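Participant:
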Amino acid sequence: MRESKVIAADLLAWYDAHARDLPWRVPPGGPPADPYRVWLSEVMLQQTTVAAVRGYFDRFTTRWPDIASLAAAEDADVMAEWAGLGYYARARNLLACARAVTAAGGFPRDRAGLQALPGIGAYTSAAIAAIAFDRPETVVDGNVERVVARLFAVQTPLPRAKAELTALAATLTPAARPGDYAQATMDLGATICTPRSPACAICPLIHRCDARAQGIAPDLPRKSPKPPKPLRHGTVWLARQGDALVMEHRPPKGLLGGVLAFPSAEWDGRDLPPPGPADWRDLGVVRHVFTHFTLDLTVRTGHLTGNPQRGHLVPLRQIDRAALPGLMRKVWDMARPLIAD
DNA sequence: GATGCGTGGCG
DNA sequence: TCGCCAAGCAT
Numbered sequence: 038m039r040e041s042k043v044i045a046a047d048l049l050a051w052y053d054a055h056a057r058d059l060p061w062r063v064p065p066g067g068p069p070a071d072p073y074r075v076w077l078s079e080v081m082l083q084q085t086t087v088a089a090v091r092g093y094f095d096r097f098t099t100r101w102p103d104i105a106s107l108a109a110a111e112d113a114d115v116m117a118e119w120a121g122l123g124y125y126a127r128a129r130n131l132l133a134c135a136r137a138v139t140a141a142g143g144f145p146r147d148r149a150g151l152q153a154l155p156g157i158g159a160y161t162s163a164a165i166a167a168i169a170f171d172r173p174e175t176v177v178d179g180n181v182e183r184v185v186a187r188l189f190a191v192q193t194p195l196p197r198a199k200a201e202l203t204a205l206a207a208t209l210t211p212a213a214r215p216g217d218y219a220q221a222t223m224d225l226g227a228t229i230c231t232p233r234s235p236a237c238a239i240c241p242l243i244h245r246c247d248a249r250a251q252g253i254a255p256d257l258p259r260k261s262p263k264p265p266k267p268l269r270h271g272t273v274w275l276a277r278q279g280d281a282l283v284m285e286h287r288p289p290k291g292l293l294g295g296v297l298a299f300p301s302a303e304w305d306g307r308d309l310p311p312p313g314p315a316d317w318r319d320l321g322v323v324r325h326v327f328t329h330f331t332l333d334l335t336v337r338t339g340h341l342t343g344n345p346q347r348g349h350l351v352p353l354r355q356i357d358r359a360a361l362p363g364l365m366r367k368v369w370d371m372a373r374p375l376i377a378d
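Quick note: the first sequence uses our numbering, first residue 38, plus one each step.
1. Determine whether the beta carbon atoms of V185 and A200 lie at a separation below 9 Å.
2. In chain order, which alpha helix (DSSP H) runs of at least 4 residues are fully inside the stretch 241 to 271?
3. Identify which residue in A89, P311, L334 has its Cα closest to the Cα of T342.
4. Does the distance from the C-beta atom of A302 to that of D308 stay below 9 Å?
5. Evaluate contact between the stretch 216 to 231 and the stretch 283 to 292, counting only Cβ atoms and requiring at least three cross-stretch pairs below 8 Å.
6. Compute the minimum distance between the beta carbon of H244 and the heavy atoms of the ligand NAP, and state whether it is under 8 Å.
7. What alpha helix (DSSP H) runs, 4 residues minimum, are completely inside the stretch 56 to 117?
8. List the whole-angstrom C-beta distance separating L364 from H325, where the pair is believed to meet the contact cut-off of C-beta under 8 Å.
9. What's the C-alpha gap between A276 and V283?
10. Return yes when the Cβ of A163 is within less than 9 Å of the Cβ of E182, no when it is not.
11. To which residues of the same chain is V258 closer than 8 Å at the C-beta, ignoring the five residues directly before and after it?
12. In the DSSP output, what is M284 paired with across the bridge?
13. Is the beta carbon of P215 sitting closer than 9 Å to the one on A167?
14. Just checking my contact of I165 with P102 at CB under 8 Å: how many whole Å lie between their CB atoms?
15. Quick check on DSSP: helix, strand or coil for W317?
16. Alpha carbon to alpha carbon, how far is R366 from M223? Give it in angstroms, no decimals.
17. Please name the residue in G339, P211, H329, T175 whose C-alpha comes closest to that of D319.
18. Under the assumption that A105 contacts T139 (Cβ atoms under 8 Å), give the Cβ distance between them as a whole number of angstroms.
19. Please give the ranges of any alpha helix (DSSP H) in the stretch 177 to 241, keeping only runs that are unbroken, at least 4 residues long and fully inside the region.
20. Using the C-alpha atoms, what's the distance from F170 back to D147?
21. Going by DSSP, name the residue or residues bridged to W119.
22. Under the DSSP definition of a beta bridge, which residues are partnered with V322?
23. Could you give the distance in angstroms between the alpha-carbon of T231 and the alpha-carbon of C240?
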């Protein structure tokens, strides 16, 4: 047996015994999972932890049990259900994809067709093809990059090593049970071959890992240094009119695109005025860390002297914290006790 | 290839 | 407290 086949066989045997029970999974060795649930979970899991996804996946599948029902949903309802999960372009692409797939009568079953859909890239197309359609595609996510970099002791730093790692990963992919194998490699990376302090002692591949043999497993994969994270400043207005506050849906593109928010300015490059003239006073500052910058947002409140010049009025009692992105939840949590009449 | 895009958890 | 990181994609 070739070395690559031994590695795949060892991984599958380990997965049969240790596969995690996740809401979007079916037991190893059985028929493939529902493509809708595979797709939805894979999109939610993009750059997002399993713990964060669980509740969202349950709520989405309860409210929209199949792709046709999701395709028929209102944009604002989907954005509100996604609120708090982050990377909101995923929610917009999710709806566009659901509508395209429903109009076409079902998912494409091959990787190229899948990757042509909105929000489905190299990783997700391979994952759906392998897990839902039993295609022998090679899945390469952050976990697999780490596992392969260690197995073959690849010293090239990411992201330059991406192509090399993908090619090496492809040499391992078996023809049989590609879906279970894909999930096995990711599970190994998530639970044993972890970024820091990998549990090599209980790894099913310990005797086949070059990095382990060289004593450098925790140091791989190497990564190029990241640029420093700048600090930005901005203002958010909690504009009162009677018992209501002004809220608005942000423009569909860019930061927090399409989500419900209190009017704000400056921190995202937009230089907009407040929603109208008012007796503004500062309530405090909220700090929030995004992927590429840190934000200090000054929270101001006041009573409008006229009708709002942007957004729409929402009664205080109807403001739904759960429908807000994380930043606006922080703003609301800080301000709410201070603006009670 | 580089950049922009959220959030929460962990050492 | 802080940097790193998590089943990436679009441009």
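Virtual Cβ for every residue (Gly too), placed ideally from N, Cα, C. Keep in mind the model is a prediction, meaning the values are calculated, not measured.
Facilitator: By the coordinates alone:
1. Taking the C-beta atoms as reference points, A200 is found no nearer than 9 Å to V185.
2. Annotation note: the stretch 241 to 271 contains the following uninterrupted alpha helix (DSSP H) runs of length 4 or greater, listed N- to C-terminal: 247 to 251.
3. For T342, the closest alpha carbon among the candidates A89, P311, L334 is that of P311.
4. Yes, Cβ-Cβ distance for A302 and D308 is below 9 Å.
5. Taking 8 Å as the limit for Cβ pairs, the verdict is that the stretch 283 to 292 does not touch the stretch 216 to 231.
6. The ligand NAP is not part of the structure shown, which contains no ligands of any sort.
7. Entirely contained in the stretch 56 to 117, the alpha helix (DSSP H) runs reaching 4 residues are, in chain order, 72 to 81, 87 to 100, 104 to 108.
8. Rounded to the nearest angstrom, the Cβ distance from L364 to H325 is 5 Å, consistent with a contact under 8 Å.
9. Our two residues, A276 and V283, have alpha carbons roughly 5 Å apart in a direct line.
10. Not in contact: E182 and A163 (Cβ atoms no closer than 9 Å).
11. The residue you asked about is not Val; residue 258 is Pro in the sequence shown. Result list for P258: E182, R183, A186, R187, V191, P194, L195, A198, L202, in chain order.
12. Under DSSP, M284 shares a beta bridge with H349.
13. A Cβ-Cβ contact shorter than 9 Å links P215 with A167.
14. At roughly 18 Å, the Cβ-Cβ gap does not stay under 8 Å, so I165 and P102 are not in contact.
15. In the structure shown, W317 sits in coil (DSSP, three-state: anything other than H, G, I, E or B).
16. CA-CA distance, M223 to R366, rounds to 32 Å.
17. Looking at G339, P211, H329, T175, the one whose alpha-carbon comes closest to that of D319 is G339.
18. About 5 Å separates the two Cβ atoms, so the contact holds.
19. Within the stretch 177 to 241, the complete alpha helix (DSSP H) segments at least 4 residues long are 179 to 188, 199 to 209, 215 to 228, listed from N- to C-terminus.
20. Spanning the two alpha carbons is a distance of roughly 8 Å.
21. For W119, which the question treats as bridged, DSSP gives no partner whatsoever.
22. For V322, the pairing in a beta bridge is given by DSSP as T335.
23. Counting only the Cα atoms, C240 lies some 11 Å from T231.
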